[in-house]
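J.: Chains as they are written, first to last, in this note's numbering: chain A, 18 to 248; chain B, 8 to 256.
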Amino acid sequence: MSFLEVTAFLFDGFKISLLIFAVTLLCGAPLGLPIAFCSMSRFKPLKAISKVIVWIVRGIPLMLQIFIIYYVPGLLFDYQLFGQIDRYMYIEYGIMDMGRIVAVLIAFTINYACYFSEIYRGGIESISKGQYEAGYVLGLTKSQIFRKIILKQVVQRIVPPMSNEIITLIKDTALANCIMVCEIIKNAKELAATKAMIWPLFFTGVFYLIFVGLLTIILGRAEKKLSYFRS
Amino acid sequence: MSILEVKNIQKSFDKTEVLKDISFTLEKGEVLSIIGSSGSGKTTLLRCLNFLETTDLGKIIVDDNVLFDGNNKLSEDKIRENRLNFGLVFQNFNLFPQYTVLENLTLAPTLLKKGDSASIKNQALEIIKKVGLEDKVDFYPCQLSGGQQQRVAIARALMLSPKILCFDEPTSALDPELTGEVLRVIRELRDGNTTMIIVTHEMNFAKNVSDKVIFMADGIIEECGNPEEVFENPKSQRLKEFLSSSLKD
Ligand SMILES: Nc1ncnc2c1ncn2[C@@H]1O[C@H](COP(=O)(O)OP(=O)(O)OP(=O)(O)O)[C@@H](O)[C@H]1O
Ligand SMILES: [Mg+2]
Chain A
18 MSFLEVTAFL
28 FDGFKISLLI
38 FAVTLLCGAP
48 LGLPIAFCSM
58 SRFKPLKAIS
68 KVIVWIVRGI
78 PLMLQIFIIY
88 YVPGLLFDYQ
98 LFGQIDRYMY
108 IEYGIMDMGR
118 IVAVLIAFTI
128 NYACYFSEIY
138 RGGIESISKG
148 QYEAGYVLGL
158 TKSQIFRKII
168 LKQVVQRIVP
178 PMSNEIITLI
188 KDTALANCIM
198 VCEIIKNAKE
208 LAATKAMIWP
218 LFFTGVFYLI
228 FVGLLTIILG
238 RAEKKLSYFR
248 S
Chain B
8 MSILEVKNIQ
18 KSFDKTEVLK
28 DISFTLEKGE
38 VLSIIGSSGS
48 GKTTLLRCLN
58 FLETTDLGKI
68 IVDDNVLFDG
78 NNKLSEDKIR
88 ENRLNFGLVF
98 QNFNLFPQYT
108 VLENLTLAPT
118 LLKKGDSASI
128 KNQALEIIKK
138 VGLEDKVDFY
148 PCQLSGGQQQ
158 RVAIARALML
168 SPKILCFDEP
178 TSALDPELTG
188 EVLRVIRELR
198 DGNTTMIIVT
208 HEMNFAKNVS
218 DKVIFMADGI
228 IEECGNPEEV
238 FENPKSQRLK
248 EFLSSSLKD
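#1: Listing by chain order, which chain B residues have their CB less than 7 Å from the CB of residue 155 of chain A?
#2: Of all Cβ atoms in chain A, is any one closer than 7 Å to the Cβ of residue 130 of chain B?
#3: How many Å lie between residue 131 of chain A and residue 74 of chain A at the Cα?
#4: For residue 25 of chain B, verify whether its CB is less than 6 Å away from any heavy atom of ligand 1.
#5: Relative to ligand 1, is the shortest distance from any of its heavy atoms to the C-beta of residue 49 of chain B smaller than 6 Å?
#6: With a threshold of 7 Å between beta-carbons, can residue 149 of chain B be considered close to chain A, or not?
#7: Are there any heavy atoms of ligand 1 lying less than 6 Å away from the beta-carbon of residue 180 of chain A, as far as the coordinates show?
#8: Hey, quick one: how far does the beta strand (DSSP E) through residue 259 of chain B stretch, first residue to last?
#9: Straight-line CA distance for residue 134 of chain B to residue 244 of chain A?
#10: Fully enclosed by the region 42 to 97 of chain A, which alpha helix (DSSP H) runs are 4 residues long or longer?
#11: In whole angstroms, what is the alpha-carbon distance linking residue 117 of chain A and residue 225 of chain A?
#12: Can you tell me which of A/41, A/158 and A/241 puts its alpha carbon nearest to the alpha carbon of residue 188 of chain A?
#13: With 8 Å as the limit, tell me which residues of the region 85 to 99 of chain B have their beta carbon closer than that to any beta carbon of chain A; keep them in chain order.
#14: Check residue 244 of chain A in the structure and name its three-state DSSP category.
#15: Using a Cβ cut-off of 7 Å (strictly closer), state whether residue 103 of chain B contacts chain A.
#16: Could you check if residue 197 of chain B is buried or exposed, using at least 16 other CB atoms within 10 Å of its CB as the buried criterion?
#17: If you follow the beta strand (DSSP E) that residue 222 of chain B is part of, which residue opens it and which one closes it?
#18: Anything in chain B within Cβ reach of residue 166 of chain A, meaning under 7 Å, just list it in chain order.
#19: Do residue 73 of chain B and residue 174 of chain B have their C-beta atoms within less than 7 Å of each other?
#20: Is residue 212 of chain B near ligand 3 - that is, is its Cβ less than 6 Å away from at least one heavy atom of it?
#21: Just mark residue 122 of chain B as buried or exposed, buried being the case when its beta carbon has 16 or more other beta carbons within 10 Å.
#22: Residues in its own chain within less than 8 Å of residue 144 of chain B by CB, not counting five upstream and five downstream?
#23: Out of A/37, A/28, A/22 and A/19, which has the shortest C-alpha to C-alpha gap to residue 223 of chain A?
#24: Run the proximity test for residue 82 of chain B: is its beta-carbon closer than 6 Å to any non-hydrogen atom belonging to ligand 1?
#25: Check each candidate in A/149, A/81 and A/236 and name the one with the smallest Cα separation from residue 162 of chain A.
#26: Along chain B, which residues have their Cβ under 9 Å away from the Cβ of residue 117 of chain A?
#27: Can we count residue 45 of chain B as close to ligand 1, meaning its CB is less than 6 Å from some heavy atom?
#28: For the candidate residues B/40, B/25 and B/150, whose alpha-carbon lies nearest to that of residue 214 of chain B?
#29: Could you list which residues in chain B have their beta carbon closer than 7 Å to that of residue 19 of chain A, in chain order?
#30: In whole angstroms, give me the CA-to-CA distance for residue 52 of chain B and residue 26 of chain B.
#31: Can you tell me where the alpha helix (DSSP H) holding residue 88 of chain B begins and where it ends?
#32: If you count every other CB in all the chains shown that lies within 10 Å of the CB of residue 157 of chain B, and 16 or more means buried, which is it?
#33: Checking 7 Å against the spacing of the C-beta atoms, do residue 86 of chain A and residue 124 of chain A come in under that value?
#34: Within 7 Å (strictly less), CB to CB, does residue 196 of chain B reach chain A?
#35: Are the beta-carbon atoms belonging to residue 66 of chain B and residue 76 of chain B less than 7 Å from one another?
#36: Enumerate, from N- to C-terminal direction, the unbroken alpha helix (DSSP H) stretches of 4 or more residues contained entirely within the region 10 to 94 of chain B.
As structure tokens, this is what we get:
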């Protein structure tokens with residue numbers, strides 16, 4: 018196999034890594050918000066439930082969570098949900114691994130939503146009471162205060178920790194190969210097994226590095242753009 | 008007819024009584040200074056008037072409108088309506104950091120639909136001029152000195168033309184050389200007949216600017232009168248002690 022062929026094969030896997038990355042970000046980031054609000058709620062049961070969920074999700078390895086999501090339907094209901102999706106999508110559309118990918122996406126989205134929710138909560142709670150009170154004495158409603166005064170300050174504060182999570186996320190996608198999803202490292206391992214080529218495994222690092230480089234530039238710009246004020 | 012009547016208001020946090028039966032009146036155009044040692048309840052009183060704290064008992068009447076009478080629980084809308092009778096300038100300014108000076112002033116009137124954007128902007132520019140910051144219109148709060156920030160905060164409160172403007176130690180967070188510019192603005196407001204309540208540790212300023220002075224101690228009004236009475240002829244022992252200790256520093 019030529020260098021170009023290997024690169025193309027690895028890139029096919031990296032597309033799956035990018036898919037997991039994008040879906041997790043697009044679903045997990047919004048889902049984090051309601052979780053954050055629940056964990057700040059004055060309604061005690063709601064607060065307790067969300068705290069427990071966050072504790073569990075952050076407390077056990079993501080790899081284990083992927084196994085749990087993937088195997089639990091079969092163990093509890095004797096129905097191989099994701100296996101069935103795999104088979105159906107392959108037979109009908111020739112798409113490989115779809116069920117497994119869905120399981121990974123669910124696990125990643127829940128996991129990252131919980132991490133994001135803690136970042137949001139920290140950001141919201143770090144805004145001084147005085148900002149709310151300044152809004153109140155000007156006769157504004159709670160929702161006006163949140164949307165027009167608090168939100169942007171929170172966004173400014175959470176960009177650096179969010180950047181860290183986002184960079185961690187692309188590397189975490191490698192965990193998907195624990196249930197044999199064909200992401201980039203799985204593909205590299207396949208080359209090692211079938212073609213006795215070990216260098217592609219190390220070469221995958223270049224893909225991550227390039228993508229993380231891009232992310233760093235984009236996120237750095239966002240951070241800079243928001244640095245025009247100091248709160 | 009008084010613009011503000013405060014009758015027997017009380018406020019406790021858990022078990023500690025912070026305000027015990029506070030009553031006073033304020034006439035339109037008058038300036039009331041509130042002095043007193045730390046923890047006497049001055050801030051709490053201002054916060055009750057501005058509905059940042061829920062007063063437990065008593066009455067708050069502005070311009071013959073009973074805003075609060077201790078009985079019925081007020082709806083959120085009613086509280087917001089009540090708040091607009093008062094303005095409050097905080098010790099640490101609390102400007103909105105992501106907005107320019109001009110935007111800090113126009114935000115609330117715009118959201119409250121107090122006019123079209125052009126007229127709100129004109130009003131803001133006029134008020135900014137009044138506090139002497141016309142060259143800082145497009146600056147962000149972090150680019151201003153403390154004294155300038157506090158003048159913006161005063162201007163922001165003036166945008167909604169409150170009937171009574173309250174100040175909670177407006178110069179306490181400032182370097183000594185910056186207090187002058189803020190006190191000058193307050194003095195000008197007094198000359199323009201703005202009704203004001205000022206909690207302050209600046210005894211000379213209180214003496215010069217006020218029509219009335221209240222000395223608070225442990226949640227009660229220990230002594231009350233015009234500045235000459237309070238500062239030159241203090242009657243209670245506590246006020247005498249307070250004045251002599253605050254003259255020292
Ligand atoms: N939210 C609160 N919860 C509990 N106690 C409070 C609260 N706010 C104020 N207090 C208490 O009420 C008392 C009066 O506080 P307040 O801030 O009104 O005093 P102050 O006269 O403004 O003092 P200072 O000159 O230090 O600003 C203090 O003993 C304070 O500990
Ligand atoms: Mg105080």
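From the three backbone atoms N, C-alpha and C, an ideal C-beta is built for every residue, glycine too.
T.: Looking at the coordinates:
#1: Mapped onto the first sequence, residue 155 of chain A falls at position 138. Within 7 Å Cβ-Cβ: 115 and 167.
#2: Against the second sequence, residue 130 of chain B aligns to sequence position 123. No, residue 130 of chain B does not count as interfacial toward chain A.
#3: Counting from one through the first sequence, the residue named residue 131 of chain A turns up at place 114. Counting from one through the first sequence, the residue named residue 74 of chain A turns up at place 57. Using only the alpha carbons, I get a separation of about 7 Å.
#4: Here residue 25 of chain B is taken as the residue at index 18 of the second sequence, counted from 1. Under cutoff, so the answer is yes.
#5: Sequence index remark: in the second sequence, residue 49 of chain B carries index 42 (1-based). Residue 49 of chain B Cβ: within cutoff of ligand 1.
#6: Residue 149 of chain B sits at position 142 when you count from the first residue of the second sequence. Yes, contact with chain A.
#7: Counting from one through the first sequence, the residue named residue 180 of chain A turns up at place 163. Flag unset: Cβ of residue 180 of chain A not near ligand 1.
#8: Not covered by the structure: residue 259 of chain B. The range shown for chain B is 8 to 256.
#9: Here residue 134 of chain B refers to the residue found at position 127 when the second sequence is read from its first residue. Here residue 244 of chain A refers to the residue found at position 227 when the first sequence is read from its first residue. Between residue 134 of chain B and residue 244 of chain A, the C-alpha separation is close to 28 Å.
#10: 61 to 76 and 79 to 94
#11: Against the first sequence, residue 117 of chain A aligns to sequence position 100. Against the first sequence, residue 225 of chain A aligns to sequence position 208. So the alpha carbons of these two residues sit roughly 22 Å apart.
#12: In the first sequence, residue 188 of chain A corresponds to position 171, counting from 1. For residue 188 of chain A, the nearest C-alpha among the options comes from A/41.
#13: 87, 88, 90, 91, 93, 94, 95, 97 and 99
#14: Locating residue 244 of chain A in the first sequence gives position 227, counting from the first residue. In the structure shown, residue 244 of chain A sits in a helix (DSSP, three-state: H, G or I).
#15: Taking the second sequence and counting its residues from 1, the one referred to as residue 103 of chain B is at position 96. Output row for residue 103 of chain B: interface = yes.
#16: Residue mapping note: residue 197 of chain B aligns to position 190 of the second sequence, counting from 1. The residue is buried, with at least 16 neighbouring Cβ atoms inside 10 Å.
#17: As a position in the second sequence, residue 222 of chain B is number 215, starting the count at 1. From DSSP, the beta strand (DSSP E) with residue 222 of chain B extends over 219 to 224.
#18: Position 149 of the first sequence, counted from the start, is the residue given in the question as residue 166 of chain A. Those are 103, listed as they occur along chain B.
#19: Position 66 of the second sequence, counting from 1, holds the residue named residue 73 of chain B. Position 167 of the second sequence, counting from 1, holds the residue named residue 174 of chain B. No, the pair does not count as a contact, with Cβ atoms beyond the cut-off.
#20: Here the bound small molecules are ligand 1 and ligand 2; ligand 3 is not part of this structure.
#21: Walking along the second sequence from the start, residue 122 of chain B turns up at place 115. Per the 10 Å Cβ criterion, exposed.
#22: By one-based count along the second sequence, residue 144 of chain B stands at place 137. So the qualifying residues of the chain are 107, 108, 109, 132 and 135.
#23: As a first step, residue 223 of chain A is located in the first sequence; it is residue number 206 there, counting from the start. Out of A/37, A/28, A/22 and A/19, A/28 has the C-alpha closest to the C-alpha of residue 223 of chain A.
#24: As a position in the second sequence, residue 82 of chain B is number 75, starting the count at 1. Checking the Cβ of residue 82 of chain B against ligand 1 gives no.
#25: The sequence position of residue 162 of chain A within the first sequence is 145, counting from 1. When each option's Cα is compared against that of residue 162 of chain A, the closest is A/149.
#26: In the first sequence, the residue the question calls residue 117 of chain A occupies position 100. Result: empty, since nearest Cβ-Cβ is about 44 Å, beyond 9 Å.
#27: Here residue 45 of chain B refers to the residue found at position 38 when the second sequence is read from its first residue. For ligand 1, at least one heavy atom lies less than 6 Å from the Cβ of residue 45 of chain B.
#28: Mapped onto the second sequence, residue 214 of chain B falls at position 207. Among B/40, B/25 and B/150, the Cα nearest to that of residue 214 of chain B is on B/40.
#29: By one-based count along the first sequence, residue 19 of chain A stands at place 2. Chain B residues near residue 19 of chain A: none, gap ~54 Å exceeds 7 Å.
#30: Stepping through the second sequence from its first residue, residue 52 of chain B is reached at position 45. Stepping through the second sequence from its first residue, residue 26 of chain B is reached at position 19. Their backbone Cα atoms lie some 7 Å apart in a straight line.
#31: For the purposes of this step, residue 88 of chain B is taken as the residue at position 81 of the second sequence. Unbroken alpha helix (DSSP H) run through residue 88 of chain B: 83 to 90.
#32: As a first step, residue 157 of chain B must be located in the second sequence, where it is residue number 150. Buried, since its Cβ has 16 or more Cβ neighbours within 10 Å.
#33: By 1-based counting over the first sequence, the position of residue 86 of chain A is 69. By 1-based counting over the first sequence, the position of residue 124 of chain A is 107. Yes. Within cutoff.
#34: In the second sequence, counting from the first residue as 1, residue 196 of chain B sits at position 189. For residue 196 of chain B, the answer is no, since every Cβ of chain A falls outside 7 Å of its Cβ.
#35: Counted from its first residue, the second sequence places residue 66 of chain B at position 59. Counted from its first residue, the second sequence places residue 76 of chain B at position 69. For residue 66 of chain B and residue 76 of chain B, yes; Cβs fall inside 7 Å.
#36: 49 to 56 and 83 to 90
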